[in-house]
Amino acid sequence: EKEVLGHAAKVVLTKETTTIVGDGSTQEAVNKRVSQIKNLVEAADQEYEKEKLNERITKLSGGVAVIQVGAQTETELKEKKLRVEDALNATKAAVEEGIVVGGGCTLLRLAAKVDAIKETLDNDEQKVGADIVKRALSYPMKLIAKNAGVNGSVVIEKVLSNDNPSYGYNAATGKYEDLMAAGIIDPTKVVRCCLEHAASVARTFLTSDAVVVDIKKPEPLPAGNPMDNSGFYA
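Going by the numbering used here, the residue at position 152 of the sequence shown is 138; the numbering climbs one at a time, nothing skipped.
Right under this line is the structure:
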């Protein structure tokens, strides 16, 4: 019978996922099924089985949200859609691996720990590599400060003078504060993947005999006599 198969308000199929959006009419049956699976978790002996059952509970308990994005122009709509997608991906990454302090603060604190690792390295080449990694880890905060119109070196010095690991520079307000409490956060997965990918690219460069790069051509000067000031009035 049709009732046995059930129904959904919307089904979205992609290459890797299937999303079923219900209308809420079967929520009581879903809750009953979740209770049954919880009993199975308690009775399960193997960790693998418990893990899969808990994943099933999460999928049944979680909801599906429909985000509607509106704009006055097509260009504005595309930009807003990309921002929403970035926010969703960041949220998914945060759910998977948690969050860390943002604003380049976490990477800067990691940079301070490189010196201890450097002491355990065997040769000078490895120590030079450690110095490069240390500089790279402190660069994001320096760049954020520069874009905010302040001296990056001064910001880094002030942040490191505070022992609170969440203490950093809020470029949006221009204040030094607890960034975690202020909501300035990054998904742990994003920070980790950035480090891994950067190391992978650097390793490729170091093992290459030659690298081809695009050199940006200087923009041509406007036509006319550059010494002609007739168009300007005192």
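Even glycine gets a Cβ: it sits at the ideal position worked out from N, Cα and C.
- Residue pairing by DSSP puts G154 in a beta bridge opposite E163.
- By the Cβ neighbour-count rule, L94 is buried, with 16 or more other Cβ atoms within 10 Å of its own.
- Cβ contact annotation for I142 (same chain, cutoff 7 Å, sequence separation greater than five): L94, S124, M127 and K128, in chain order.
- In the DSSP assignment, D172 falls within the unbroken beta strand (DSSP E) covering I171 to P173.
- If you compare the alpha carbons of A98, P204, D172 and V198 with that of D72, the shortest gap goes to D172.
- Here the alpha carbons of K78 and G8 stand approximately 21 Å from one another.
- Rounded to the nearest whole angstrom, the C-alpha separation of V(-10) and E83 is 38 Å.
- Counting only residues of its own chain and dropping the five nearest sequence neighbours on each side, V20 has a CB closer than 8 Å to the CB of I43, L46 and S47.
- Judged by pairs of C-beta atoms under 8 Å, the stretch 55 to 68 does not touch the stretch 143 to 158, as fewer than three such pairs exist.
- Counting C-beta atoms within 10 angstroms of its own C-beta, C180 has fewer than 16 neighbours from the protein chains shown and is therefore classed as exposed.
- Measuring C-alpha to C-alpha distances from S11 to each of I23, L26, K1 and A(-5) identifies A(-5) as the nearest.
- Taking C-beta separations shorter than 7 Å and ignoring five residues to either side along the sequence, the partners of K175 in its chain run A79, E82 and E83, following chain order.
- Close CB contacts of G88 within its chain, under the 7 Å cut and outside five residues either way in sequence, are with L165, I170, I171 and D172 (chain order).
- In this structure V52 is exposed. Its beta-carbon is surrounded by fewer than 16 other beta-carbon atoms within 10 angstroms.
- Around A76, the same chain offers P173 and V176 as residues with beta carbons nearer than 7 Å, after the five sequence neighbours per side are excluded.
- The beta carbons of K120 and A97 sit closer together than 8 Å.
- Judged by DSSP in its simplified three-state form, L(-1) adopts strand.
- Under DSSP, I6 forms a beta bridge with V(-3).
- For the pair N40 and D31, the Cα-to-Cα distance works out to about 14 Å.
- For V145, the enclosing alpha helix (DSSP H) starts and ends at G138 to L146.
- Looking at the DSSP output, V81 shares a beta bridge with no other residue.
- DSSP places G115 in the uninterrupted alpha helix (DSSP H) bounded by D110 to N133.
- Distance from the CA of Q22 to the CA of D101, rounded to the nearest whole angstrom, comes to 53 Å.
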